[in-house]
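Visitor: Pasting in a structure now, in structure tokens, and then I'll have a few things to ask.
Numbering (my numbering), first residue to last: 212 to 387.
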């Protein structure tokens, strides 16, 4: 049986957080490991649609998400949480609220994220059409001491997924 943990993927928009989470979720599903995905875009659509993108609204968003993640985690679910969560203090708050927490920094240079721009958001932000856009008009504070870093401009999706999976397995979150 899996031990509950929240795996918190943080990084810029377009860095690959959702892609890695989806691939890791498939691997966990194939092994019948209980998991749940909490994705920033879906949470914003269904749970926190009343919030904007100010720092205070982002903190409220992460506070709500970390509460949900803590409930799932204590019931032996592996939570795959993919959120930009641009401020160290919000990630620290999530860690404190959840307890069993692994921070994964999905590191990808801003230039590469802009090149990828799968949603067209960077173009809008650079044109001034989106305010408070992380990495452009709002800061992103890279994690000070993440448990794991994946570099999506240098690694394949499978390499990144394998790093996270092996980390979880070595620490007993996934049964061998």
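Backbone N, C-alpha and C fix where the C-beta goes; we use that ideal spot for every residue, glycine too.
Predicted model only: the values in this text are computed from it and were never measured.
#1: Report buried or exposed for residue 278, applying the criterion of at least 16 other Cβ atoms within 10 angstroms of its Cβ.
#2: Helix, strand or coil for residue 309, going by three-state DSSP, please let me know.
#3: Can you give me the start and stop residues for the beta strand (DSSP E) that residue 292 sits inside?
#4: Whole angstroms are fine: how far does the CA of residue 380 sit from the CA of residue 355?
#5: What alpha helix (DSSP H) runs, 4 residues minimum, are completely inside the segment 323-352?
#6: For residue 375, which three-state DSSP category applies?
#7: Using beta-carbon positions only, say whether residue 376 and residue 235 come within less than 8 Å of one another.
#8: According to the neighbour-count rule (16 or more other Cβ atoms, all chains shown, within 10 Å of its Cβ), is residue 246 buried or exposed?
#9: Which of helix, strand or coil does DSSP assign to residue 366?
#10: In the DSSP assignment, find the unbroken beta strand (DSSP E) run with residue 271 in it and report its ends.
#11: May I ask which residues mark the beginning and end of the beta strand (DSSP E) holding residue 247?
#12: Rounded to a whole number of angstroms, what is the C-alpha to C-alpha distance between residue 339 and residue 324?
#13: When you compare only the Cα positions, how much space is there between residue 327 and residue 349?
#14: Just mark residue 221 as buried or exposed, buried being the case when its beta carbon has 16 or more other beta carbons within 10 Å.
#15: Figure out for me which residue from 275, 243 and 321 has the closest Cα to the Cα of residue 255.
Guide: With the structure as the only source:
#1: Counted from its first residue, the chain shown places residue 278 at position 67. By the 10 Å Cβ count, residue 278 comes out exposed.
#2: Taking the chain shown and counting its residues from 1, one reaches residue 309 at position 98. In this structure, residue 309 counts as helix in the three-state DSSP scheme.
#3: As a working note, residue 292 is residue 81 in the chain shown. Where residue 292 is concerned, the enclosing beta strand (DSSP E) stretches over 289-293.
#4: Position 144 of the chain shown, counted from the start, is the residue given in the question as residue 355. Position 169 of the chain shown, counted from the start, is the residue given in the question as residue 380. Their backbone Cα atoms lie some 24 Å apart in a straight line.
#5: 332-337
#6: Counting from 1 along the chain shown, the entry for residue 375 is found at position 164. Note: residue 375 maps to helix in three-state DSSP.
#7: Within the chain shown, residue 376 is the residue found at index 165, counting from 1. Within the chain shown, residue 235 is the residue found at index 24, counting from 1. Against a cut-off of 8 Å, the Cβ pair of residue 235 and residue 376 comes out as a contact.
#8: Position 35 of the chain shown, counted from the start, is the residue given in the question as residue 246. By the neighbour-count rule (16 or more Cβ atoms within 10 Å), residue 246 is buried.
#9: Position 155 of the chain shown, counting from 1, holds the residue named residue 366. Residue 366: coil per DSSP, three-state reduction.
#10: Residue numbering aside, residue 271 sits at position 60 when the chain shown is read from its first letter. Careful: residue 271 lies outside any beta strand (DSSP E), inside the alpha helix (DSSP H) at 266-285.
#11: For the purposes of this step, residue 247 is taken as the residue at position 36 of the chain shown. It spans 246-250 - the beta strand (DSSP E) in which residue 247 sits, taken as one unbroken run.
#12: One-based indexing of the chain shown puts residue 339 at position 128. One-based indexing of the chain shown puts residue 324 at position 113. Cα to Cα, residue 339 sits roughly 17 Å from residue 324.
#13: As a first step, residue 327 must be located in the chain shown, where it is residue number 116. As a first step, residue 349 must be located in the chain shown, where it is residue number 138. Computed Cα separation, rounded: 19 Å.
#14: Here residue 221 corresponds to residue number 10 of the chain shown, with the count starting at 1. Looking at its Cβ environment, which holds 16 or more other Cβ atoms inside 10 Å, residue 221 is buried.
#15: The sequence position of residue 255 within the chain shown is 44, counting from 1. The candidate whose alpha carbon is nearest that of residue 255 is 275.
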